[in-house]
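**Q** Here's a structure for you.
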Amino acid sequence: MSTPDLSMSQPDAPTINVEPEHTAPHGYTSNKDAYLKRLKRIEGQVRGIARMVEDDKYCIDILTQVAAATKALHAVSLGLVEEHIGHCVVGAASEPNPEARAEQIDAKVKEATDAIGRLLR
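Here UniProt numbering is used: the first residue of the sequence shown is 1, the next is one more, and so on.
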């Protein structure tokens with residue numbers, strides 16, 4: 001039985017741009033503290049999973065905790081998608097110039113669609 005490759009470097013993994021693209025406040029800004037609190041809780045869950053592996057805990061127990069952390073990350077992701085649609089897409093719809101409005105709406109919807117696609121992979 002071969003050991004799975006769990007290395008973090010995967011050449012086929014997509015590159016994630018973490019540079020800020022926008023200067024206006026983001027849709028999640030009003031809920032930033034809640035998002036940070038949830039992410040710190042998830043960070044603690046992941047550290048707990050690592051300890052479980054270090055302590056040779058039962059595989060199914062580890063998988064249960066991985067599923068819980070994954071579900072928590074999905075909840076954060078869905079919240080951010082909702083914030084993007086409610087703030088960025090709706091904001092694009094308020095553009096007074098009809099041509100620019102249509103272009104901005106298309107761009108923001110494509111961003112949301114692409115993000116959802118990444119979440120589903």
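Backbone N, C-alpha and C define an ideal beta-carbon position, used for all residues, glycine too. Bear in mind that the values here come from a model prediction, so they are computed numbers and not experimental data.
Are the CB atoms of V109 and V89 nearer to each other than 8 angstroms?
**A** Start at 1 with the first residue of the sequence shown, and residue 109 comes out as number 109. Start at 1 with the first residue of the sequence shown, and residue 89 comes out as number 89. Going by C-beta atoms, V109 is nearer than 8 angstroms to V89.
**Q** From E111 to H84, what distance separates their C-alpha atoms?
**A** Taking the sequence shown and counting its residues from 1, the one referred to as residue 111 is at position 111. Taking the sequence shown and counting its residues from 1, the one referred to as residue 84 is at position 84. For E111 and H84, the distance between alpha carbons rounds to 9 angstroms.
**Q** Using the rule of at least 16 other Cβ atoms within 10 Å of the residue's Cβ for burial, across every protein chain shown, is G27 buried or exposed?
**A** To locate residue 27, count along the sequence shown from 1; it is residue 27. Buried is the call here.
**Q** Tell me the residue span of the alpha helix (DSSP H) that contains Y35.
**A** Indexing the sequence shown from 1 puts residue 35 at position 35. Where Y35 is concerned, the enclosing alpha helix (DSSP H) stretches over K32 to E54.
**Q** Beta-carbon within less than 8 angstroms of V66's beta-carbon, same chain only, minus the 5 sequence neighbours each way: which residues are those?
**A** Against the sequence shown, residue 66 aligns to sequence position 66. The answer, listed in chain order, is I49.
**Q** Hey, is the segment 55-74 in contact with the segment 30-47, meaning 3+ C-beta pairs nearer than 8 angstroms?
**A** The segment 55-74 is in contact with the segment 30-47.
**Q** Does DSSP classify P96 as helix, strand or coil?
**A** In the sequence shown, counting from the first residue as 1, residue 96 sits at position 96. In the structure shown, P96 sits in coil (DSSP, three-state: anything other than H, G, I, E or B).
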